[in-house]
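Letter 17 of the sequence shown, counting from 1, is numbered 245 in our numbering, and no numbers are missing.
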Amino acid sequence: MTAPRRPRLPFSAWHLALAPLALLFAIPLVWLLLSSVMSNSEINRFPPALWPSGIDLGGYRYVLGNALFPQWFANSLIVSAVTVVSNLVFGALGGYAFARMRFGGSRVLLALMLATMTVPFQLTMIPTFLVMKRLGLIDTLGALIVPSLVTPFAVFLLRQFFLSLPRELEEAAWIDGCSRLTVLLRIVLPLSRPALSTVAVLTFLTTWNDLTWPLIAINHDTHYTLQLGLTTFQGTHHTQWAAVMAGNVITILPVLLAFLLAQKSFIRSITSSGLKG
């Protein structure tokens, strides 16, 4: 007699542990969304209200009614877009050079580049400010773009992904007379879309949410980024909490959209870029 089959769950057993954990991480987002439709009196009430008594869009009207808010949004979009594109271009060139080209001191140079990832921003903040001041970029969007044109993380991640690609494809292209740059553009980069998507999403996330460096490099409110502009809603004696919550909801929407669109590529890149060292 055959043994009776054990009933199988329609999903992985890991979901039983991961689903409550996902809900736990979603609590701050849910609280942010609920607070954005509360009035200032409800947000400041003690004990705090767990659910809004009604939908109050005063915070959204306050944010969108600010004349400079579209300018702040555009500034953040420009800085993030230029930084993402530059990291993809320079990161791909640097990553391919470290992955496929052997030159004197390449390993030492790679190690020094990776060592810079361990240096906290607080140590490089003042030297970066002095360099930007000498270049005349302080209080311009260039001061936010130039220090982030290329990051060691982008170079390293793309290098790791390039190492996982078979050399035979490139060797076949070399036999056909293709140069290294042609091989990179027509063969390597089309196969590296997961890694490129990951670099783009993480770079966009870091640049979009940056507050510390814009707070130092930007003085005039017309050059504020979105994160820096939201700080103007917080005063010494009074804070427009409804506006702060509504502004943060608007701020995280592009980041959520970018991550959801590149989620599969992000996971594929993380799993494949660590195959070779």
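Ideal placement from N, C-alpha and C gives every residue a C-beta, glycine not left out.
Counting only the Cα atoms, residue 429 lies some 25 Å from residue 411. Nearest to residue 319 by alpha-carbon distance, out of 431, 414 and 484, is 431. In this structure, DSSP gives residue 467 an extended state, which the three-state scheme calls strand. Listed in chain order, the non-local C-beta contacts of residue 443 below 7 Å within the same chain comprise 456, local neighbours out to five positions each way being set aside. Comparing C-alpha distances from residue 348 to each of 285, 488 and 441 shows the shortest one belongs to 441. Sorting 470, 247 and 488 by C-alpha distance to the C-alpha of residue 280 places 470 at the top. The stretch 274–291 makes contact with the stretch 470–479; the number of CB pairs closer than 8 Å reaches 3 or more. Pairing residue 434 with residue 380 gives a Cβ-Cβ distance that is not under 8 Å. For residue 286, the enclosing alpha helix (DSSP H) begins and ends at 286–293. Between the alpha carbons of residue 468 and residue 268 lies a gap of roughly 7 Å. Excluding the 5 residues flanking it on each side, residue 365 has same chain C-beta neighbours closer than 7 Å at 371 and 374, in chain order. In this structure, the beta-carbon distance from residue 378 to residue 437 does not fall below 8 Å. About 6 Å separates the beta carbon of residue 300 from that of residue 453, a gap short enough to meet the 8 Å contact definition.
According to DSSP, residue 462 shares a beta bridge with 467. In the three-state DSSP reduction, residue 283 falls in the coil class, being neither helix nor strand. Secondary structure of residue 447 (DSSP, three-state): coil.
Here residue 312 is buried: its Cβ has 16 or more other Cβ atoms, across all protein chains shown, within 10 Å. Of the residues 407, 389 and 297, the one whose Cα lies closest to the Cα of residue 419 is 389. Distances from the CA of residue 425 to each of 439, 367, 486 and 399 were compared; the closest alpha carbon is that of 486. Take residue 427, set aside five residues on each side of it, and the residues of its chain with a beta-carbon closer than 7 Å to its own are 315, 316, 319, 382, 385 and 386, in chain order. For residue 298, the three-state secondary structure derived from DSSP is helix. Exclusion of the five residues before and after residue 449 leaves 296, 457 and 460 as the residues of its chain whose Cβ lies within less than 8 Å of its Cβ. If the five residues before and after residue 339 are omitted, its C-beta is found closer than 7 Å to no C-beta atom of its own chain. Nearest in C-alpha terms to residue 304, of all of 479, 491 and 488, is 479. Taking a C-beta distance under 8 Å as the contact criterion, residue 369 and residue 416 do not qualify as a contact pair. Note that the C-beta distance between residue 287 and residue 264 is below 8 Å. If you ignore the 5 residues before and after residue 321, its C-beta comes within less than 8 Å of the C-beta of 412, all in its own chain and listed in chain order. The continuous alpha helix (DSSP H) containing residue 271 extends over residues 268–272.
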